Amino acid sequence: MGRVTTTSVSRVYADVNAKLGPSWHEYDNLQVQWGSQDHYEIVRKVGRGKYSEPTTSQVFEGVNIVNDEKCVIKVLKPVKKKKIKREIKILQNLAGGPNIVALLDVVRDPSSKIPSLITEAVRNIDFKVLYPRFGDLDVRFYMFELLKALDFCHSKGIMHRDVKPHNVMIDHEHRKLRLIDWGLAEFYHPRTQYNVRVASRYFKGPELLVDFQEYDYSLDMWSFGCMFASMIFRKEPFFHGHDNYDQLVKIAKVLGTDELYAYLNKYDIELDAQYDEILQRYPRRSWSRFITTENQRYISNEAIDLLDNLLRYDHQERLTAREAQAHPYFKARDLMSVFTIGTTLFGSKVDLKAFGLASKIQFTSSPDSSALLLLPYAGRRANFQAYLANWGYTVYKRLRIVKKYERTFSLRGSRL
């Protein structure tokens with residue numbers, strides 16, 4: 001890779017760590033308060049987390065035998081103590097933040113000295129099983145929840161650097177999301193050169209693939225954009241490269257090479273010579289090329305605009321997490337009690353206790369239509385009508401709800 005001569009500073013939260021001071025961001029001399037390993041028992045293995053080195057940590061479902069509460073036990077395999085302290089420090093700094101996994105304890109094996117992180121348990125369903133079940137409103141809801149976590153950690157001067165579905169735990173029954181695995185996270189300092197061997201291949205930003213080391217929080221927004229593209233286009237992963245070189249080629253085939261070279265010129269980046277053989281000239285593809293009959297119900301002008309402002313070569317041009325939250329795509333985020341019903345539930349009764357409604361309702365629709373049932377957490381019909389109006393729905397008598405260009409469906413037996 002070529003030498004970079006142009007510097008880059010984050011558009012937001014650039015001086016957070018300087019303002020908070022060394023006690024906030026320095027972790028080399030962190031004095032860890034070790035808990036008792038005897039308080040926890042392993043139940044079963046659930047996965048593993050990765051550091052930049054070719055070593056992994058093992059993750060287990062566990063239980064606190066003192067209070068009988070479930071937990072997650074992340075056993076950290078031998079890596080530099082500095083990295084372990086960094087993860088602990090970051091989790092401590094982010095404690096209590098929205099949708100940030102909670103660090104409950106830190107323990108160490110008395111004989112091997114191998115440390116383990118004890119974090120809150122989330123009743124997660126594997127994303128390959130869960131995401132295909134999502135309706136349009138589910139995608140909007142969980143993407144907004146993830147943005148809350150990202151904006152919070154960025155506001156505290158921290159880049160996650162490994163945003164991907166595997167690190168986003170979702171308890172769909174309780175509509176709870178947690179951003180986990182902070183092993184690659186790092187404190188952001190302007191004009192600092194960071195290791196580009198972070199993030200998982202399919203979610204690596206172009207800056208990593210061209211060896212641009214002065215990256216910032218916007219790296220997380222590229223990864224977020226990749227997740228979002230996968231969800232709305234039903235293509236997992238969205239950019240499927242066979243290696244890091246091919247990953248950039250896959251991106252260029254969508255975003256175009258003219259835009260890529262404009263980015264390289266702006267930051268004085270010289271591509272690795274290996275790209276001379278594999279990177280051809282590609283025009284920018286329209287996002288509409290990815291719309292199919294299977295995914296069109298997730299697509300809107302707002303969704304495409306949001307995606308277009310996330311997946312940008314130039315990290316300075318990407319939306320920040322705060323800006324993304326304000327995007328029109330999330331305009332109905334006040335509808336916190338949203339439930340999506342698909343064709344398999346047509347004509348069935350649905351228990352709505354989780355949504356604050358004591359009664360059950362009968363859902364009726366033609367068997368081949370796809371409809372969204374929107375339920376307010378508040379019981380005032382006028383407010384419900386206002387919320388629905390924001391989404392383009394009109395409420396008629398007897399709660400017959402119609403959206404322009406879509407089929408009609410009705411709610412019976414509900415008490416609003």
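Under full-length UniProt numbering, the letters of the sequence shown match residues 1 to 416, in that order. In this text, a Cβ means the ideal position worked out from N, Cα and C, and glycines have one as well. Just so you know, these numbers come straight off a predicted model, no measurement behind them.
On the premise that Leu311 lies in contact with Trp222, defined as a C-beta separation below 8 Å, what is that separation, rounded to the nearest angstrom? Sure, about 7 Å apart at Cβ, within 8 Å.
Taking C-alpha atoms, which residue in Lys253, Arg281 and Leu260 lies nearest to residue 426? In the structure as shown, the chain begins at 1 and stops at 416. Residue 426 is therefore absent and cannot be evaluated.
Tell me, which residues are paired with Ile232 by DSSP? Answer is none; Ile232 lacks a bridge partner.
Collapsed DSSP secondary structure at Glu69 in the structure displayed: strand
Note down the Cα distance separating Val338 from Leu137, rounded to an integer number of angstroms. Confidence in Val338 is poor, its pLDDT being 36 and thus under 50, which makes the residue's placement unreliable; the coordinate value appears in the next sentence. CA-to-CA, the gap between Val338 and Leu137 works out to about 7 Å.
Which two residues bound the contiguous beta strand (DSSP E) that contains Leu76? From DSSP, Leu76 is part of no beta strand (DSSP E); its letter is neither H nor E.
Check this for me: beta carbons of Trp34 and Arg86, under 8 Å apart or not? no
From Val72 to Thr119, what does the alpha carbon distance come to, in whole angstroms? 5 Å
Nearest by alpha-carbon distance to Leu208: which of Val139, Ile269 and Lys80 is it? The shortest C-alpha separation from Leu208 is found at Ile269.
According to DSSP, which residues form a beta bridge with Glu40? Per the sequence shown, the amino acid found at residue 40 is Tyr instead of Glu. In the DSSP output, where bridge partners are listed per residue, Tyr40 has Asn64.
Return the first residue and the last residue of the beta strand (DSSP E) that Glu120 is part of. Per DSSP, Glu120 belongs to the beta strand (DSSP E) from Pro115 to Glu120.
At what residue ranges does the segment 237 to 307 contain a whole run of the alpha helix (DSSP H), taking only runs of 4 or more? 244 to 255, 257 to 266 and 275 to 278, all fully within the segment 237 to 307.
Backbone secondary structure at Lys349 - three-state DSSP: Low per-residue confidence applies at Lys349: pLDDT is 37, beneath 50, and the placement is therefore not dependable enough to give any value.
Which of the three DSSP states, helix, strand or coil, is assigned to Asp181? coil
Expressed to the nearest angstrom, what Euclidean distance is found between the alpha-carbon atoms of Glu236 and Val9? The alpha-carbon atoms of Glu236 and Val9 are separated by roughly 32 Å.
Assign Pro206 to buried or exposed, taking buried as 16 or more other Cβ atoms, counted over all protein chains shown, within 10 Å of its Cβ. buried
Residue ranges of each alpha helix (DSSP H) within the segment 91 to 158, 4 or longer: 127 to 130 and 136 to 155
Quick one: give me the first and last residue of the beta strand (DSSP E) that Val168 is part of. Val168 to Asp171
Could you pull the DSSP bridge partners for Ser8 from this structure? Note: Ser8 sits in no beta bridge, so no partner.
I'd like to know whether the C-beta atoms of Arg175 and Phe141 end up nearer to each other than 8 Å. It is a contact, given that the beta carbons lie within the stated cut-off.
Leaving out the 5 sequence neighbours to the left and right, which residues in its chain are closer than 7 Å to Asn124 when beta-carbon positions are compared? Met169, Ile170 and Asp171
Using 8 Å for Cβ pairs, my map puts Val12 next to Thr320. What's the rounded Cβ distance? 5 Å
Helix, strand or coil: how does DSSP classify Ser200 here? Here Ser200 sits in coil by DSSP.
So, using beta-carbon positions, are Leu307 and Phe228 closer together than 8 Å? yes
Exposed or buried, Arg191, counting other C-beta atoms within 10 Å across all chains shown (16 or more means buried)? exposed
Range covered by the alpha helix (DSSP H) that runs through Leu209: Pro206 to Leu209
Counting only runs of 4+ residues fully inside the segment 311 to 335, write out the alpha helix (DSSP H) ranges in chain order. 321 to 325
What residues in its chain sit with their C-beta under 6 Å from that of Ile180, if we drop five residues either side in the sequence? Val101, Asn167 and Met169
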